[in-house]
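Asker: Okay, here's the structure, questions in a sec.
Protein chains: 4
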Amino acid sequence: MSNSLGKLFTITSFGESHGKLIGIIIDGCPAGLPITRQDIQKELDKRKPGENPASTTRREGDKAEVLAGIFNGHTTGAPICLAVWNKDIDSAEYVKGRFLPRPGHADYTSYIKYGGFGDYRGGGRFSGRITAGFVMAGAIARKLLKLIKIEVIAHTVEIGGIVARYNDFNEIRQNIASNPLRCADAEAARKMTAAIEEAKKQGDSLGGIIEGTVLGLPAGLGEPVFDSLDAELSKALFAIPAVKGVEFGSGFQVAREKGSQNNDPFVIENDKLVTSSNNAGGILGGISNGMPLVVRIAVKPTASITKSQQTVNIKEMTAAKLETRGRHDICIVPRAAVVVESMIAITLCDFALRAGLIPKVIR
Amino acid sequence: MSNSLGKLFTITSFGESHGKLIGIIIDGCPAGLPITRQDIQKELDKRKPGENPASTTRREGDKAEVLAGIFNGHTTGAPICLAVWNKDIDSAEYVKGRFLPRPGHADYTSYIKYGGFGDYRGGGRFSGRITAGFVMAGAIARKLLKLIKIEVIAHTVEIGGIVARYNDFNEIRQNIASNPLRCADAEAARKMTAAIEEAKKQGDSLGGIIEGTVLGLPAGLGEPVFDSLDAELSKALFAIPAVKGVEFGSGFQVAREKGSQNNDPFVIENDKLVTSSNNAGGILGGISNGMPLVVRIAVKPTASITKSQQTVNIKEMTAAKLETRGRHDICIVPRAAVVVESMIAITLCDFALRAGLIPKVIR
Amino acid sequence: MSNSLGKLFTITSFGESHGKLIGIIIDGCPAGLPITRQDIQKELDKRKPGENPASTTRREGDKAEVLAGIFNGHTTGAPICLAVWNKDIDSAEYVKGRFLPRPGHADYTSYIKYGGFGDYRGGGRFSGRITAGFVMAGAIARKLLKLIKIEVIAHTVEIGGIVARYNDFNEIRQNIASNPLRCADAEAARKMTAAIEEAKKQGDSLGGIIEGTVLGLPAGLGEPVFDSLDAELSKALFAIPAVKGVEFGSGFQVAREKGSQNNDPFVIENDKLVTSSNNAGGILGGISNGMPLVVRIAVKPTASITKSQQTVNIKEMTAAKLETRGRHDICIVPRAAVVVESMIAITLCDFALRAGLIPKVIR
Amino acid sequence: MSNSLGKLFTITSFGESHGKLIGIIIDGCPAGLPITRQDIQKELDKRKPGENPASTTRREGDKAEVLAGIFNGHTTGAPICLAVWNKDIDSAEYVKGRFLPRPGHADYTSYIKYGGFGDYRGGGRFSGRITAGFVMAGAIARKLLKLIKIEVIAHTVEIGGIVARYNDFNEIRQNIASNPLRCADAEAARKMTAAIEEAKKQGDSLGGIIEGTVLGLPAGLGEPVFDSLDAELSKALFAIPAVKGVEFGSGFQVAREKGSQNNDPFVIENDKLVTSSNNAGGILGGISNGMPLVVRIAVKPTASITKSQQTVNIKEMTAAKLETRGRHDICIVPRAAVVVESMIAITLCDFALRAGLIPKVIR
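Residue numbers (our numbering), protein chains in the order written: chain A, 1195 to 1557; chain B, 1195 to 1557; chain C, 1195 to 1557; chain D, 1195 to 1557.
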């Protein structure tokens, strides 16, 4: 069941990059949620390679199809199966390089684990394309969370060493929509764009950091000790290819702080208990404390670059040079942010169902 | 089942800080593993508050007891139940402060989630004390891993902004044993000690970073896409109270790097395929690549400090001052490193069993 | 995850009777198993309504399609997705009778549970058609079991009170193939056929009993206490619509026996320990003992009959008469036997993987 | 995790017959349930060997102890750990017969599976004694079900071929309490007692059938397709040692019935939809239909008998005679009925939590 995630709201991923389709099954969605193919398509489109220089030239005009579980415009309570059919596939490059594992990719580990039987075309199951399924499931999760007024936003906060500055959620919400890099800081976005263009010229790629924020999360969500909010979120986020780190609130910065600085004092505001700072990122003891949940995700530079790289022919066990052509994103951070939103939404749906916040039938 | 972790090697945590006992059940351990109470005690002792200034003055002379699953000096294949009975308990402070949630602690979130029915004494289920159970389970996991020559080391790499420098694994292995801070850099350890003493004087606490390293891990371990090596490790590590971040290999540093820098080239060394750098931290596509696994964990400064703090009386909903006395660690990083070793070992045992690396009966 | 079954060899069912498709995902199948679409089709065809009077007139010329997880004629280790697309659908009867729950069917309970949002056409998720997915997954499971020489046979032992007599496995194996009722006793099969024809004339239906037998099962399979061989098999078998009872070995007959009769004596035969009788049905303490596993499954008479029945209009809450036309099996026992074989095979694959009997990569 | 059962209300069993203790952990119990040690003891006492001739002479004056999860007379939301410490142990017989597997027992299969490392004393993990843990967990489950007015009754309906007759639930409820055999039919109970005494004289044992009934179960409980009410109940019931069959409603009798007889017509009674018969045993499509749930469980005659039996010395692989002395129940049916009640209650709690029928905090 390593391709399934979640306890009460469970997604099961299937399909390969150059196979027939990329699919996802959502099991445990309450019946009666109004949803259309267009709702799912809209979310999927956000993940589409944009007009910005960061993206692949592969034309992923992905069209979401509902295969099961939605009837008369509503979820039925049965497993929902969503798919996008693969098109515009060119596997020639992959067939040629079958025994030349690409540095930074799963080619080698997959080869070892599956004895060479894996579908290596386009990275097979290890392609970023499988996240199309996550985003379709995320569309449903976000609809459910909307019912209980929980909003998930993910945005680019760093690319190639350029750090975005921003003030509040309204600013973030507005700017990321208008911005192909999903960055709340327009000035930083310009610099990031320049850095991406420069990397492209060099045949190189860039990494970055995404920040996910959840507003409207009530206090009391999360199941300690092992199914805590942070544990389950981190697990879900590490399923996104290229993620190398996850931190909550102050994150790694805590190593440089004292308890008196890092502890968030409890205060009363408008008759409600809140904390006057949010170093905890909205989580105490694995349970939400009612403050905005803040998580940051490190995304490595795209492993596929056109610069020549050193590898090994694993069939002949000889040194080899790799010159990848293919079509790749220079920096996947902006598109990954859409996936981050989905994974957070999916995880929170699971917790909301465990806490009984969402009814089994939506009327 | 939020108190259980693992699929084939499953631990179930129970017990409270000031209750009768702290316990752990290990289900799925192969039969025939030779193990004694002393083996478990030895591991548990590593977690004991040391002679260093960082630790609590609570005398946790914890004695491991085998309640089930070990017979004639071997595991039986049945669930193993291990416990430490609580002694030297002083709950007075907690009873007094029952309605004054301590900043940075789970008091408030637990109160909301469990409607005030939780055992609040000593933090109850949210105390670091529950990690005594993790360490006992870790003792068994480490024994199993030893059979297949996998070694797990965790050491302090940063405390209060002081960063340790070190060269190789032999150095780490040697130094951390001789050092109450489990730090591979003796010079840094001295500075950390001074920083801890200074924080103690101020009634404050310090955070830090732990690095976990796994040697001898064969390529091919890990179950993508959701049960990947990094996903499951991060989930397990976030169960340790005070952990705020987890990163693998280059971690958050990837945001400042190019693909050509971050990709680890494949080369042949002694007829074996290896990578010439290890920015991936031993994991590609969620599967081990045969290089040392490297994970770093951010540990926040102990939430309990003696400095006066602002809080709210949650019964009367009025502002309040908190002056914690109690007995606390100034910096839990060194002790948490022992728990990190355990959680890594436990997680790897699960993967080793899933991969069929450990037989069902050890003869 | 109520639509998923199994721990290491996991199937996930999706699709509805009159929706686009019936599908199944198999997660955890080792890589390298040679398998073709035809292998799956062959198994699926066994479930096809036959030329015998027992079957529906719905022409289920189901064509298995591989959507993911099989590449170059082998499993890849990735999730396998198999589907049959629905054709020859006539939902008119169902739309008309939407608020008239059919006695013996899940119409009413589904309506209550899913608030009327369920896909009621053709029984939706509650149709026997979903077992087409089980059988496709069973095709893969049976291929895997064949590698370790485990054979699963299920045959009709009773229909409409007529009991089959048979002597040994060779007889069963031969006869059930030649016989549209999958009955080892040709004489009984003739009487069953007559009884079915009589029931058909009366607009009625018949129930029966299926016996599943597993040959070649090694001793030591099964995971007590809750994941025992009998517990998991019974759980899997109750997923087949219309199953009302499951018994192992002597089954309910034990209520009339003494320990001295029911205990199977241990003896040595050909230098091997066996039992001289098999009242245990091959299971002791939830673990296989090396003898043939024997399980019997009670299958109720098809709930759909053309005889007039009493029901309630659940929208108007008034008494109503139900005259089902539709196209139904008079007795599903022979077709259910194919599904029984599949569910047993799927469950045993899971246990074989848990026991490490099947390698992770088949070479 | 084969020693854990349930998804949201999870029990984990540990301990051995002649080890230190028999224990159970209940994870997922809502906080705030008022419960005392005495509540648990009362339930445990029902399982105690009675004054009737059916029971063992081992004096199981089991005393329930709360080790964790209950505080100030209420559940805390944390895992509850309950234990009984083993006393009055005599392992001599078992040590002597270590290599002589008892027919009908798990001695042989356990030996094979665990390579001889299992705790064989008193049957170890395979002893009926582990059901003491089930009954303690059942005490909590029953308390929870009482909150939502669900009542579980299990009673003896057959022993040694003698069948009990009874009319309604009130009769059952009254009679089983007054009757050491938990039989609703006083006349049948007398005959059963005579049969048990006769079997005792012969050094033999008797099997029987238990009927479990659930009153007050609302329609809509159960999670199809694999986690259906019948599937999960059967799985839970097969965890009870000696169970060889489980059937719902008409059960195996369906093989002799026509659809027109077996279908339960829907009718309106007191403005409520009910069925005029209950052949379905309260379950349609794996979901409760609001009628009483009826399940029957076949319990084999106690495997331990004093009559001489044929076995094999598995160390020397030679034929051997077994003369068991020990202290055993002649017929475990009446005591098993208490365990049946517990397993049903535990399973229904899980479903009630999944359906959101029980709040997360009980106030």
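All C-beta atoms in this analysis are idealised placements derived from N, C-alpha and C, irrespective of residue type, glycine included.
1) Counting pairs of Cβ atoms below 8 Å between the stretch 1310 to 1318 of chain D and the stretch 1544 to 1553 of chain C, do you hit three or more?
2) I'd like to know if N1280(B) contacts chain D, where contact means its C-beta is closer than 8 Å to some C-beta of that chain.
3) Using a C-beta to C-beta distance shorter than 8 Å, which residues of chain D count as neighbours of M1511(C)?
4) Starting from Y1288(D), find everything on chain C with Cβ-Cβ shorter than 7 Å and list it in chain order.
5) Here's a check: name, in chain order, each residue in its chain whose Cβ is nearer than 7 Å to the Cβ of D1233(B), leaving out the five neighbours to either side.
6) In this structure, how does DSSP classify A1258(B) when only helix, strand and coil are distinguished?
7) As a quick exercise: from V1357(A), I1344(A) and L1400(A), pick the residue whose alpha carbon is nearest that of G1484(A).
8) If you draw a straight line from the alpha carbon of A1199(B) to that of T1206(B), how long is it in whole angstroms?
9) Using a cut-off of 7 Å between C-beta atoms, extract the partners of A1492(C) located in chain D.
10) T1496(A) and I1524(A) look like a contact to me (Cβ under 8 Å); what is the Cβ gap, rounded to whole Å?
11) Mind checking whether the beta-carbon of G1298(A) lies closer than 7 Å to any heavy atom of the ligand FMN?
12) For K1429(C) and chain B, any beta-carbon pair shorter than 8 Å?
13) Using CA atoms only, rank isn't needed, just tell me which of A1531(D), Y1288(D) and V1357(D) is closest to K1240(D).
14) Check for me: the alpha helix (DSSP H) holding T1541(A) runs from which residue to which?
15) Rounding to the nearest angstrom, what Cα-Cα distance links E1259(C) and I1216(C) in this structure?
16) Under a Cβ-count criterion, where at least 16 other Cβ atoms within 10 Å of its own Cβ denotes burial, should E1517(D) be classed as buried or exposed?
17) Any contact of the stretch 1491 to 1508 of chain D with the stretch 1451 to 1461 of chain C, i.e. 3+ C-beta pairs under 8 Å?
18) In the DSSP assignment, find the beta strand (DSSP E) that holds I1274(B) and state where it starts and stops.
19) Residues of chain D with a CB under 9 Å from the CB of K1307(B): which are they?
20) Report the CB separation of A1433(B) from F1420(A) in whole angstroms; it is logged as a contact under 8 Å.
21) Apply the 10 Å Cβ neighbour rule to I1353(D) and answer buried if 16 or more other Cβ atoms are within range, or exposed otherwise.
22) Hey, could you find the ends of the alpha helix (DSSP H) T1518(B) is sitting in?
23) I'd like to check one pair, D1221(D) with P1273(D): are the Cβ atoms closer than 8 Å?
24) For N1197(B), count neighbouring C-beta atoms within 10 Å of its own C-beta (all shown protein chains included) and say buried if the count is 16 or more, exposed if not.
25) Where Q1235(C) and M1330(C) are concerned, what is the direct C-alpha to C-alpha distance, given to the nearest angstrom?
26) Alpha carbon to alpha carbon, what distance is there between V1555(A) and G1226(A)?
27) Going by DSSP, name the residue or residues bridged to C1614(B).
28) What does S1482(B) pair with, by DSSP beta-bridge criteria?
29) Here's a check: name, in chain order, each residue in its chain whose Cβ is nearer than 6 Å to the Cβ of S1359(B), leaving out the five neighbours to either side.
30) Relative to the C-alpha of A1262(A), which residue among G1410(C), I1477(C), A1277(C) and V1534(C) is closest?
31) At the level of alpha carbons, what is the spacing between I1540(B) and G1213(C)?
32) Are any of the Cβ atoms in chain A nearer than 8 Å to that of G1550(D)?
33) Residues of chain A with CB under 8 Å from Y1302(B), in chain order?
34) By how many angstroms is the C-alpha of S1482(A) removed from the C-alpha of L1467(A)?
35) If we define contact as Cβ-Cβ less than 8 Å, is T1541(B) a contact residue for chain D?
36) Nearest to L1400(A) by CA position, among R1450(A), K1494(A), R1490(A) and G1267(A), is which residue?
Answerer: Reading it off the structure:
1) In short, these stretches do not touch, since the Cβ pair count stays below three.
2) Against the second sequence, residue 1280(B) aligns to sequence position 86. At a cut-off of 8 Å between C-beta atoms, N1280(B) does not count as an interface residue with respect to chain D.
3) Within the third sequence, the letter at position 317 stands for residue 1511(C). Simply I1462, D1465 and L1467.
4) In the fourth sequence, residue 1288(D) corresponds to position 94, counting from 1. Ordered by position in chain C, no residue passes the 7 Å Cβ test against Y1288(D), which lies about 15 Å from the chain.
5) Sequence index remark: in the second sequence, residue 1233(B) carries index 39 (1-based). Apart from sequence neighbours up to five positions away, the residues of its chain that approach D1233(B) with a beta-carbon distance below 7 Å are A1333 and K1337, ordered along the chain.
6) Locating residue 1258(B) in the second sequence gives position 64, counting from the first residue. A1258(B): strand per DSSP, three-state reduction.
7) On the first sequence, position 290 is the one that residue 1484(A) refers to. It is I1344(A).
8) Numbered from 1 along the second sequence, position 5 holds the residue referred to as residue 1199(B). Numbered from 1 along the second sequence, position 12 holds the residue referred to as residue 1206(B). Checking the sequence, you will find Leu at residue 1199(B) rather than Ala. Looking at the backbone, the Cα of L1199(B) and that of T1206(B) are separated by about 7 Å.
9) As a first step, residue 1492(C) must be located in the third sequence, where it is residue number 298. Under the 7 Å cutoff, chain D gives E1441, G1445, F1446, V1448 and A1449.
10) Numbered from its first residue, the first sequence carries residue 1496(A) at position 302. Numbered from its first residue, the first sequence carries residue 1524(A) at position 330. That belief holds up - the Cβ atoms of T1496(A) and I1524(A) are roughly 7 Å apart, short of 8 Å.
11) Here there are no bound small molecules, and the ligand FMN is not part of this structure.
12) As a working mapping, residue 1429(C) is identified with position 235 in the third sequence. Not closer than 8 Å to any Cβ of chain B, the Cβ of K1429(C) fails to qualify, so no.
13) Position 46 of the fourth sequence, counting from 1, holds the residue named residue 1240(D). Taking the Cα of K1240(D) as reference, the smallest distance to any Cα among A1531(D), Y1288(D) and V1357(D) is reached at A1531(D).
14) If you number the first sequence from 1, residue 1541(A) lands on position 347. V1527 to R1548 is the extent of the alpha helix (DSSP H) around T1541(A).
15) Reading the third sequence from its first residue, position 65 is the one you call residue 1259(C). Reading the third sequence from its first residue, position 22 is the one you call residue 1216(C). Each residue's Cα considered, the two are about 10 Å apart.
16) For the purposes of this step, residue 1517(D) is identified with residue 323 of the fourth sequence, where counting begins at 1. Taking every protein chain shown into account, the CB of E1517(D) has fewer than 16 other CB atoms within 10 angstroms, so this residue is exposed.
17) Contact between the stretch 1491 to 1508 of chain D and the stretch 1451 to 1461 of chain C is established, with three or more Cβ pairs separated by less than 8 Å.
18) One-based indexing of the second sequence puts residue 1274(B) at position 80. Boundaries of the beta strand (DSSP E) around I1274(B): I1274 to W1279.
19) Counting from 1 along the second sequence, the entry for residue 1307(B) is found at position 113. Neighbours of K1307(B) on chain D, chain order: A1225, G1271, K1554 and V1555.
20) Counting from 1 along the second sequence, the entry for residue 1433(B) is found at position 239. Counting from 1 along the first sequence, the entry for residue 1420(A) is found at position 226. In this structure A1433(B) touches F1420(A) by the C-beta definition: roughly 5 Å separates them, less than 8 Å.
21) Here residue 1353(D) refers to the residue found at position 159 of the fourth sequence. Result: buried.
22) For this step, residue 1518(B) is matched to residue 324 along the second sequence. The continuous stretches of alpha helix (DSSP H) do not include T1518(B), and DSSP gives it neither H nor E.
23) Residue 1273(D) sits at position 79 when you count from the first residue of the fourth sequence. Residue 1221(D) sits at position 27 when you count from the first residue of the fourth sequence. Contact annotation: P1273(D) and D1221(D) have beta-carbon atoms nearer than 8 Å.
24) As a position in the second sequence, residue 1197(B) is number 3, starting the count at 1. The residue is buried, with at least 16 neighbouring Cβ atoms inside 10 Å.
25) Counting from 1 along the third sequence, the entry for residue 1235(C) is found at position 41. Counting from 1 along the third sequence, the entry for residue 1330(C) is found at position 136. Straight-line Cα distance between these residues: approximately 8 Å.
26) Counting from one through the first sequence, the residue named residue 1226(A) turns up at place 32. Counting from one through the first sequence, the residue named residue 1555(A) turns up at place 361. G1226(A) and V1555(A) have their C-alpha atoms spaced approximately 6 Å apart.
27) Lying outside 1195 to 1557, the shown extent of chain B, residue 1614(B) is not represented and no answer is given.
28) Translated into positions along the second sequence, residue 1482(B) becomes position 288. The partner list for S1482(B) (beta bridge, DSSP) reads I1477(B).
29) Locating residue 1359(B) in the second sequence gives position 165, counting from the first residue. In the sequence as presented, Ser is not what sits at residue 1359(B); that position holds Arg. Contacts found: D1379.
30) The residue labelled residue 1262(A) in the question sits at position 68 within the first sequence. That would be A1277(C), whose Cα lies nearest to the Cα of A1262(A).
31) Taking the first residue of the second sequence as position 1, residue 1540(B) is located at position 346. Taking the first residue of the third sequence as position 1, residue 1213(C) is located at position 19. One alpha carbon belongs to I1540(B), the other to G1213(C), and they sit about 44 Å apart.
32) For the purposes of this step, residue 1550(D) is taken as the residue at position 356 of the fourth sequence. For G1550(D), the answer is yes, since a Cβ of chain A falls inside 8 Å of its Cβ.
33) On the second sequence, residue 1302(B) is found 108 positions in, with the first residue counted as 1. Those within 8 Å of Y1302(B) in chain A are A1413, F1460, L1467, L1478 and N1483.
34) Reading the first sequence from its first residue, position 273 is the one you call residue 1467(A). Reading the first sequence from its first residue, position 288 is the one you call residue 1482(A). Rounded to the nearest angstrom, the two C-alpha atoms are 13 Å apart.
35) By one-based count along the second sequence, residue 1541(B) stands at place 347. Chain D contact via Cβ: absent.
36) Walking along the first sequence from the start, residue 1400(A) turns up at place 206. It is K1494(A) whose Cα lies nearest to the Cα of L1400(A).
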